[in-house]
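J.: Take 55 as the starting number for the sequence shown in our numbering and just add one per residue. Structure in structure tokens, see below.
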Amino acid sequence: SCFSFLSPEQQHRGGAPLIVEARELVCASSASLSDRRDISPTLKESAKVEVKSGDVGGHVVSHGGNSADTQTACEDVAQLTSCAADIGPQLANEMLQAPGTLPEDSELFLKKSAALMSTGALGVDICFGEAAFSAGHLVVQWMAPGTRASRRARELDRGRCLCPLTSETLGNSKVVAALDTCARLRAGADSFESLCCQHATYSERREELQRCFFQVARAASVYVVAPRLAKAEEAGLPPLDLGGSAGWAAQMYANRFSPIGEESVAMCRLFLFENPDKEDPSHRFDPATAYRWSYWQPPTPRNGQFEGRWVLFGTELPPLQRHATTAWKAELKPPEPEGLYAVLAPKQLPWSSSRHEEAVADVYAPRPKGERPKQGKGKGGKGLSKGEGKVNGRGRGRGDGDCKEKDDQVDV
Numbered sequence: 055s056c057f058s059f060l061s062p063e064q065q066h067r068g069g070a071p072l073i074v075e076a077r078e079l080v081c082a083s084s085a086s087l088s089d090r091r092d093i094s095p096t097l098k099e100s101a102k103v104e105v106k107s108g109d110v111g112g113h114v115v116s117h118g119g120n121s122a123d124t125q126t127a128c129e130d131v132a133q134l135t136s137c138a139a140d141i142g143p144q145l146a147n148e149m150l151q152a153p154g155t156l157p158e159d160s161e162l163f164l165k166k167s168a169a170l171m172s173t174g175a176l177g178v179d180i181c182f183g184e185a186a187f188s189a190g191h192l193v194v195q196w197m198a199p200g201t202r203a204s205r206r207a208r209e210l211d212r213g214r215c216l217c218p219l220t221s222e223t224l225g226n227s228k229v230v231a232a233l234d235t236c237a238r239l240r241a242g243a244d245s246f247e248s249l250c251c252q253h254a255t256y257s258e259r260r261e262e263l264q265r266c267f268f269q270v271a272r273a274a275s276v277y278v279v280a281p282r283l284a285k286a287e288e289a290g291l292p293p294l295d296l297g298g299s300a301g302w303a304a305q306m307y308a309n310r311f312s313p314i315g316e317e318s319v320a321m322c323r324l325f326l327f328e329n330p331d332k333e334d335p336s337h338r339f340d341p342a343t344a345y346r347w348s349y350w351q352p353p354t355p356r357n358g359q360f361e362g363r364w365v366l367f368g369t370e371l372p373p374l375q376r377h378a379t380t381a382w383k384a385e386l387k388p389p390e391p392e393g394l395y396a397v398l399a400p401k402q403l404p405w406s407s408s409r410h411e412e413a414v415a416d417v418y419a420p421r422p423k424g425e426r427p428k429q430g431k432g433k434g435g436k437g438l439s440k441g442e443g444k445v446n447g448r449g450r451g452r453g454d455g456d457c458k459e460k461d462d463q464v465d466v
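Now the structure itself:
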């Protein structure tokens, strides 16, 4: 796209409009948001802004000299040229901030309804990335220094979804702490460093596992398409029985919630489409759960569990565990993505019996009107909850602000 604009002085002198290509008006993909905002005052001062698009035969959209129209044109320019690569450094920094999901009104969503955190790997991951992009979501493909994006990842949005992570960012103390906790739970090691000393393979996977942190650290929900293991990979025998980097990433997400983390279990949205290979003896194959959706239920004093477990969607809940904020558990598939979300899958290419395409269709299928839960302000009715935070649901709690269910009041 090209832009022509006349300053008031140029109009008075009858000067010709200055034609500037969009790439000259906005910074390169590595530029910061603050740099891009610096351009807006220049455009705001112009008395006439014309947007010409080569894709529509030179059609001209003129906003005239109205300042409000000029402001709209400036916003259109920013939205047209903004992409995940523009905000990669800022978004990576946000992942390292306070716990909790990224607010949906954050400018880092670039006015998109949702944002997918992925890796751009071949197979299931890139299938989700392409579906998310088609759905109008922001797609962020985190790249560690030692990884190479697949061809399809490089072609998605002309490569503007790729967001490199530096070694310094990957080595942040919060990333180290998350890996240490996973190493203790999954492998019975004192720390991730000690695990690397015991098994060189973990040292080789260091950057890959560090990258997992940036997918799930502030995600509101996580969708996993993977097999469950017939036998645990690590000595810790974790009940969250997923293997590879997807298993570590899912564990990092689950560790955010009580009793391990600080966040309420009412906020946990970890979904699994069990996708086994019947011919692979390392995969757990149970006809009752294969190719169906389950959700992760963390332990709480209320449900009497000492460890988390997978529960099939549609499983009837005891009366004390039913609540409007978790009504999605009664469905047969997970709720549609909202806010920041992640997709986890094995690195291997899909096997012949894989039904990952079915999982992709389930996640991005249009919901009938009224099926999508709304985020309430926690006002209405004699609710069971108090507090602060956010939940997906109708907000039956008391008080102003979004409601957050206390662990001892609502079991999920």
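Glycine residues also receive a C-beta, built at the ideal position from the N, C-alpha and C atoms.
Just to confirm my understanding: we take LEU403, look at its own chain, exclude 5 residues before and 5 after, and list those with CB closer than 7 angstroms. What are they?
T.: Taking the sequence shown and counting its residues from 1, one reaches residue 403 at position 349. LEU176, GLY177, listed in sequence order.
J.: Ignoring anything shorter than 3 residues or poking outside the stretch 353–389, list the beta strand (DSSP E) runs there in chain order.
T.: Listed in chain order, they are 363–366.
J.: Give the single residue among ALA396, PRO388, LEU162, THR369 whose Cα lies nearest to the Cα of PRO472.
T.: Because the chain is modelled from 55 through 466, residue 472 falls outside the range shown and cannot be assessed.
J.: Given a cut-off of 7 angstroms on the beta-carbon distance, is the pair TYR277 and VAL365 in contact?
T.: The count along the sequence shown starts at 1 and reaches residue 277 at position 223. The count along the sequence shown starts at 1 and reaches residue 365 at position 311. No; because the gap between Cβ atoms is not below 7 angstroms, this pair is not in contact.
J.: Measuring straight from C-alpha to C-alpha, what distance separates THR255 and GLU261?
T.: By 1-based counting over the sequence shown, the position of residue 255 is 201. By 1-based counting over the sequence shown, the position of residue 261 is 207. So the two alpha carbons sit approximately 12 angstroms from each other.
J.: Are there 16 or more other CB atoms within 10 angstroms of the CB of GLY301, so buried, or fewer, so exposed?
T.: For the purposes of this step, residue 301 is taken as the residue at position 247 of the sequence shown. So GLY301 ends up on the buried side.
J.: Going straight from the alpha carbon of ILE141 to that of SER160, what length do you get?
T.: Within the sequence shown, residue 141 is the residue found at index 87, counting from 1. Within the sequence shown, residue 160 is the residue found at index 106, counting from 1. When rounded, the distance between both Cα atoms is 12 angstroms.
J.: Determine the DSSP secondary structure at HIS191, reduced to helix, strand or coil.
T.: If you number the sequence shown from 1, residue 191 lands on position 137. Coil.
J.: Around the C-beta of GLN269, are 16 or more other C-beta atoms found within 10 angstroms, so that it is buried, or is it exposed?
T.: As a working note, residue 269 is residue 215 in the sequence shown. Buried, since its Cβ has 16 or more Cβ neighbours within 10 Å.
J.: On the premise that CYS137 lies in contact with ASP211, defined as a C-beta separation below 8 angstroms, what is that separation, rounded to the nearest angstrom?
T.: Numbered from its first residue, the sequence shown carries residue 211 at position 157. Numbered from its first residue, the sequence shown carries residue 137 at position 83. With 8 angstroms as the limit, ASP211 and CYS137 qualify as a contact, their Cβ atoms being about 6 angstroms apart.
J.: Helix, strand or coil for ASP244? Go by DSSP, reduced to three states.
T.: For the purposes of this step, residue 244 is taken as the residue at position 190 of the sequence shown. Of the three classes helix, strand and coil, the one that applies to ASP244 here is coil, per DSSP.
J.: Quick one: measure Cβ to Cβ for THR173 and GLN195, integer angstroms, because I've assumed they're closer than 8 angstroms.
T.: Residue mapping note: residue 173 aligns to position 119 of the sequence shown, counting from 1. Residue mapping note: residue 195 aligns to position 141 of the sequence shown, counting from 1. Sure, about 6 angstroms apart at Cβ, within 8 angstroms.
J.: Under 8 angstroms by Cβ, that's how I've got MET197 and ALA273 pegged, so tell me the actual separation to the nearest angstrom.
T.: Here residue 197 is taken as the residue at index 143 of the sequence shown, counted from 1. Here residue 273 is taken as the residue at index 219 of the sequence shown, counted from 1. Actually they are not in contact, since the Cβ atoms of MET197 and ALA273 sit about 18 angstroms apart, beyond 8 angstroms.
J.: Return the bridge partner residues of ALA280 from the DSSP annotation.
T.: Along the sequence shown, read from residue 1 onward, the residue named residue 280 stands at position 226. Paired residue(s): GLU328.
J.: Use the C-beta contact count for CYS251: other C-beta atoms within 10 angstroms, 16 or more gives buried, fewer gives exposed.
T.: For this step, residue 251 is matched to residue 197 along the sequence shown. The residue in question, CYS251, is exposed, as its Cβ has fewer than 16 Cβ neighbours within 10 Å.
J.: Specify, as a first and last residue, the run of the alpha helix (DSSP H) that SER348 falls within.
T.: Position 294 of the sequence shown holds residue 348. Taken as a continuous stretch (DSSP letters only), SER348 belongs to no alpha helix (DSSP H), being part of the beta strand (DSSP E) at 347–351.
J.: From the DSSP secondary-structure annotation, give me the bridge partner or partners of SER275.
T.: Walking along the sequence shown from the start, residue 275 turns up at place 221. BP columns for SER275 point to TYR395.
J.: Taking a contact to mean a Cβ-Cβ separation below 7 angstroms, would you say PHE360 touches ALA413 in this structure?
T.: Your numbering for residue 360 matches position 306 in the sequence shown. Your numbering for residue 413 matches position 359 in the sequence shown. Cβ atoms of PHE360 and ALA413: not closer than 7 angstroms.
J.: In its own chain, which residues sit with a C-beta less than 6 angstroms from the C-beta of PRO218, not counting the 5 before and 5 after it?
T.: As a working note, residue 218 is residue 164 in the sequence shown. Once the five neighbours on either side are set aside, the close Cβ partners of PRO218 are MET197.
J.: Excluding five sequence neighbours on each side, which residues of the same chain lie with their C-beta closer than 7 angstroms to the C-beta of ILE180?
T.: To locate residue 180, count along the sequence shown from 1; it is residue 126. Around ILE180: GLY174, SER204, ARG206, ALA207.
J.: Run through the DSSP bridge pairs and tell me what GLU317 is partnered with.
T.: Start at 1 with the first residue of the sequence shown, and residue 317 comes out as number 263. Partner(s): PHE311.
J.: Can you tell me whether DSSP reads ALA16 as helix, strand or coil?
T.: Coverage of the chain is limited to positions 55 through 466, which leaves residue 16 absent and any answer about it impossible.
J.: Among the residues of its own chain, which have a CB less than 7 angstroms from the CB of ARG409, if the five just before and after it don't count?
T.: Within the sequence shown, numbered from 1, the residue matching residue 409 stands at position 355. Here the set comprises ASN329, TYR345.
J.: Under 7 angstroms between the Cβ atoms of GLY315 and GLY242?
T.: One-based indexing of the sequence shown puts residue 315 at position 261. One-based indexing of the sequence shown puts residue 242 at position 188. No, they are not a contact pair.
J.: Which of the three DSSP states is assigned to PRO420 in this structure?
T.: Reading the sequence shown from its first residue, position 366 is the one you call residue 420. In this structure, PRO420 counts as coil in the three-state DSSP scheme.
J.: In three-state DSSP terms, what is ALA168?
T.: Here residue 168 refers to the residue found at position 114 when the sequence shown is read from its first residue. In the structure shown, ALA168 sits in a strand (DSSP, three-state: E or B).
J.: Would you report the Cα separation of ARG310 and ALA304, rounded to the nearest angstrom?
T.: In the sequence shown, counting from the first residue as 1, residue 310 sits at position 256. In the sequence shown, counting from the first residue as 1, residue 304 sits at position 250. Spanning the two alpha carbons is a distance of roughly 10 angstroms.
J.: Which two residues bound the contiguous beta strand (DSSP E) that contains CYS322?
T.: As a working mapping, residue 322 is identified with position 268 in the sequence shown. Unbroken run through CYS322: none, as it is neither H nor E.
J.: Can you tell me which residues form a DSSP beta bridge with CYS217?
T.: Position 163 of the sequence shown, counted from the first residue, corresponds to residue 217. According to DSSP, which records beta bridges pairwise, CYS217 is partnered with TRP196.
J.: So, at 6 angstroms on beta carbons, what are the nonlocal neighbours of ALA396 in its own chain, with the 5 sequence-adjacent residues on each side left out?
T.: On the sequence shown, position 342 is the one that residue 396 refers to. Result list for ALA396: MET171, GLN269, VAL270, ALA273, VAL276, in chain order.
J.: Could you pull the start and end residues of the alpha helix (DSSP H) that GLY142 belongs to?
T.: Counting from 1 along the sequence shown, the entry for residue 142 is found at position 88. It spans 138–149 - the alpha helix (DSSP H) in which GLY142 sits, taken as one unbroken run.
J.: Taking the C-alpha atoms as reference points, what is the distance between LEU216 and THR201?
T.: Translated into positions along the sequence shown, residue 216 becomes position 162. Translated into positions along the sequence shown, residue 201 becomes position 147. Their backbone Cα atoms lie some 11 angstroms apart in a straight line.
J.: Mind checking ASP295: buried by the 16 CB within 10 Å criterion, or exposed?
T.: Residue mapping note: residue 295 aligns to position 241 of the sequence shown, counting from 1. Per the 10 Å Cβ criterion, buried.
J.: Where does the unbroken alpha helix (DSSP H) through SER408 begin, and where does it stop?
T.: Counting from one through the sequence shown, the residue named residue 408 turns up at place 354. Segment: none, SER408 is in no alpha helix (DSSP H) and carries neither H nor E.
J.: Quick one: Cα of VAL279 to Cα of LEU398, how far?
T.: As a working mapping, residue 279 is identified with position 225 in the sequence shown. As a working mapping, residue 398 is identified with position 344 in the sequence shown. Going from the Cα of VAL279 to the Cα of LEU398 covers about 6 angstroms.
J.: I need the straight-line Cα distance from SER471 to ALA146, nearest angstrom please.
T.: Missing from the structure shown is residue 471; the chain here goes from 55 to 466 and no further.
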